[in-house]
Amino acid sequence: MTGFEYGNARLRYMKSRLLSRSELEGLTESDSLQGLIAALTRTAYRKSVETALTRWLGMECISEALHAELISLLGKIRSFYSGTPGEMVAIVLRAYDIHNLKTILRGISTNAPAAEILASLLPVGAIDHRLWAELANLQDVRAVIDVIASQGLPLAQPLLRLRAGRTAFSLFEMELALDQWHIHEALRFAKTKLRGKNRLTAALTLDSDLMNLMTALRFSHSPAERRLLRERTASDDLSQLFVGPGTLSFKLLAYAASQNSLEAALTVFGHSPYEAALQAGLEAHARSGRLTGLEKSLRRYRLQWMINSIAKDPLGIGLVLGCIALKVNEVNNLRWVAQGIHLGLKPDAIREEVEFVE
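Structure, rendered in structure tokens:
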């Protein structure tokens with residue numbers, strides 16, 4: 255017995271209700287947003303769509319329905335597990351707490367309305383949605399730190415350390431501190447509580463590598479950013495910007511980040527597991543001149559890795575990782591389909607950007 259039996263059975267049922275490729279392709283043929291909404295009521299999204307229709311129409315209805323669907327499904331997962339499996343699942347879902355806190359800090363820093371901030375949150379981790387609502391309505395980031403610290407929340411620790419003895423700190427520094435803390439604590443848990451090779455450690459290592467790769471590539475893509483870093487931190491040490499580490503050493507990543515072109519930086523990772531994904535991303539970059547092609551290629555690599563976890567670890571955390579990735583990808587695809595229809599794109603053009611998985 256692994257402790258994952260009950261929860262994984264529930265997730266396998268969830269997986270069976272995901273849209274098939276043919277169903278998703280059929281949705282791209284909708285001739286209007288109203289037609290898409292009607293089509294979604296004939297899928298597993300029916301309840302979420304019907305609830306959203308009581309308040310919204312068009313894009314707002316679809317956005318609200320997809321948001322509610324994701325929260326409803328992911329929010330149940332923690333209750334399926336206990337003991338060590340429960341702790342492992344909590345670490346997976348803590349990434350959403352980090353996402354939510356960064357979203358709030360970013361929103362408050364840019365004076366975004368609380369309603370706009372809340373619409374971007376996914377309260378599926380350990381923190382209650384009522385606390386997120388309270389935080390989103392605060393006026394400054396120091397107040398946010400004070401509130402989460404008063405609640406004894408562990409994710410307050412990196413922010414408290416950051417502001418200790420300082421009168422000012424940037425949004426960039428806060429987000430980096432949260433990412434570094436999350437990965438460090440998660441890897442520490444895996445090292446002390448889990449034996450041998452396991453899919454959770456591998457997933458954390460992967461996420462470390464992908465975050466670090468994008469950081470290194472941004473600096474090589476825009477060398478002037480290194481000068482700004484020096485001015486901001488009074489240091490040339492690029493390794494302070496990385497998390498983990500994963501399989502890619504900080505020394506290697508810093509060397510790549512010090513290059514003056516994207517092409518030169520990518521040669522550094524020529525024999526890494528990410529070589530093919532990076533090469534595909536470079537080709538997309540050559541067409542657009544932007545880093546979004548590389549980001550998309552690495553996201554696709556991560557998605558496929560997570561999906562492969564289902565077969566590699568069907569009786570453990572691997573199935574959890576894979577099912578979450580599949581559901582998030584499905585929701586992202588549906589958002590894109592709705593946006594494409596709203597923009598008047600033809601079905602073929604919409605399908606070109608849909609992330610189909612096998």
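Counting in this note's numbering, the sequence shown runs from 255 upward without gaps. For glycine and all other residues, C-beta sits at the position ideal for the given N, C-alpha and C.
Residue i (DSSP reduced to helix, strand or coil)
i                 : result
proline 339       : helix
tyrosine 299      : coil
proline 477       : coil
leucine 308       : Rather than leucine, the amino acid found at residue 308 in this sequence is threonine. DSSP places threonine 308 in coil when its eight states are reduced to three.
proline 367       : coil
arginine 544      : coil
tyrosine 350      : helix
glutamate 517     : helix
asparagine 391    : coil
arginine 271      : coil
glycine 490       : The question names glycine, but residue 490 in the sequence shown is aspartate. Three-state DSSP puts aspartate 490 in coil, outside helix and strand.
glutamine 654     : This structure does not reach residue 654, given that the chain is present from 255 up to 612, and the question cannot be answered.
glutamate 607     : coil
histidine 525     : coil
arginine 264      : helix
aspartate 463     : helix
alanine 422       : coil
glycine 570       : coil
phenylalanine 504 : helix
leucine 597       : coil
aspartate 382     : coil
Euclidean distance between Cα positions of residue i and residue j
i                 : j                 : result
valine 497        : serine 284        : 43 angstroms
alanine 390       : histidine 525     : 44 angstroms
threonine 459     : cysteine 315      : 37 angstroms
glutamate 277     : asparagine 354    : 31 angstroms
valine 591        : asparagine 562    : 25 angstroms
glycine 572       : phenylalanine 258 : 10 angstroms
methionine 268    : glutamate 304     : 20 angstroms
asparagine 583    : leucine 548       : 18 angstroms
histidine 436     : leucine 495       : 14 angstroms
alanine 322       : arginine 415      : 35 angstroms
glutamine 288     : lysine 600        : 16 angstroms
glutamate 606     : arginine 554      : 14 angstroms
glutamate 509     : phenylalanine 443 : Position check: residue 509 holds tyrosine in this sequence, whereas glutamate was assumed. Going from the Cα of tyrosine 509 to the Cα of phenylalanine 443 covers about 30 angstroms.
asparagine 365    : threonine 357     : 12 angstroms
methionine 468    : alanine 403       : 31 angstroms
valine 642        : leucine 502       : Lying outside 255 to 612, the shown extent of the chain, residue 642 is not represented and no answer is given.
isoleucine 595    : methionine 313    : 10 angstroms
glycine 280       : asparagine 514    : 45 angstroms
alanine 397       : leucine 545       : 34 angstroms
proline 367       : tryptophan 310    : 19 angstroms
phenylalanine 610 : asparagine 466    : 26 angstroms
arginine 614      : leucine 290       : The displayed coordinates of the chain run from 255 to 612. Any statement about residue 614 would go beyond what the structure contains.
leucine 359       : alanine 292       : 37 angstroms
tyrosine 528      : leucine 580       : 21 angstroms
glutamine 533     : lysine 550        : 12 angstroms
leucine 482       : glutamate 537     : 28 angstroms
leucine 392       : alanine 369       : 12 angstroms
alanine 298       : arginine 420      : 50 angstroms
glutamate 479     : alanine 511       : 10 angstroms
Interface flag, residue i vs chain B, CB-CB below 7 angstroms
i          : result
serine 551 : In summary, chain B is missing from the structure at hand, where a single protein chain is found.
Close Cβ partners of residue i (< 8 angstroms) along its chain, the five nearest in sequence each way excluded
i              : result
arginine 300   : Leu294
isoleucine 578 : Leu328, Ile331, Val346, Met560
leucine 374    : In the sequence as presented, leucine is not what sits at residue 374; that position holds serine. Result list for serine 374: Thr357, Gly361, in chain order.
glycine 337    : Gly257
glutamate 341  : Phe443, Lys447
histidine 372  : The sequence given here has leucine at residue 372, not histidine. Excluding positions up to five away in sequence, the list reads Trp386, Ala387, Ala390.
Spatial neighbours of residue i in its chain, beta-carbon cut-off 6 angstroms, leaving aside the 5 residues before and after
i              : result
alanine 306    : Cys315, Glu318, Ala319
glycine 500    : Thr459, Ser462, Asp463
threonine 282  : Val591, Pro601, Ile604, Arg605
proline 339    : Gly257, Phe258
leucine 552    : Leu464, Ala531
tyrosine 335   : Gly261, Val343
isoleucine 302 : It is worth fixing the name first, because residue 302 is serine in this sequence and not isoleucine. Closer than 6 angstroms at the Cβ level, and outside the excluded window around serine 302, lie Ala319, Ala322, Glu323.
leucine 441    : Leu458
Proximal residues to residue i (C-beta, below 7 angstroms), its chain only, five neighbours per side dropped
i             : result
leucine 506   : Val522
aspartate 351 : Gly379, Ala380, Ile381, Leu409
arginine 556  : Leu460, Leu464
serine 363    : Val395, Leu425
leucine 265   : Leu573, Val574, Cys577
Option in the options with minimal Cα separation from residue i
i                 : options                        : result
arginine 486      : Asn466, Ala457, Leu375, Leu425 : Leu425
phenylalanine 504 : Ser493, Asn514, Ala510, Gln513 : Ser493
histidine 438     : Gly419, Pro412, Leu385         : Pro412
leucine 324       : Leu272, Ser512, Ala457, Leu290 : Leu272
arginine 417      : Asp400, Tyr528, Ala511         : Asp400
glycine 598       : Ser274, Ser286, Arg275         : Ser286
isoleucine 564    : Gly535, Ser333, Ala457         : Ala457
glutamine 405     : Gln393, Gly419, Arg384, Thr421 : Arg384
Closer than 6 angstroms: residue i CB and nearest the ligand HEM heavy atom
i          : result
serine 563 : Absence of the ligand HEM from the depicted structure is noted, as is the absence of any ligand whatsoever, leaving it without description.
Check: With contact counted as at least three CB pairs below 8 angstroms, one residue from each stretch, are the stretch 435-455 and the stretch 538-558 in contact?
Finding: no
Margin query: Pairs of beta-carbons, one from the stretch 440-449 and one from the stretch 463-481, closer than 8 angstroms: are there three or more?
Written below: no
Check: Is there contact between the stretch 517-527 and the stretch 415-432, where contact requires at least three CB pairs shorter than 8 angstroms?
Finding: no
Check: Okay, do the stretch 338-351 and the stretch 366-385 touch, 3+ Cβ pairs below 8 angstroms being the bar?
Finding: yes
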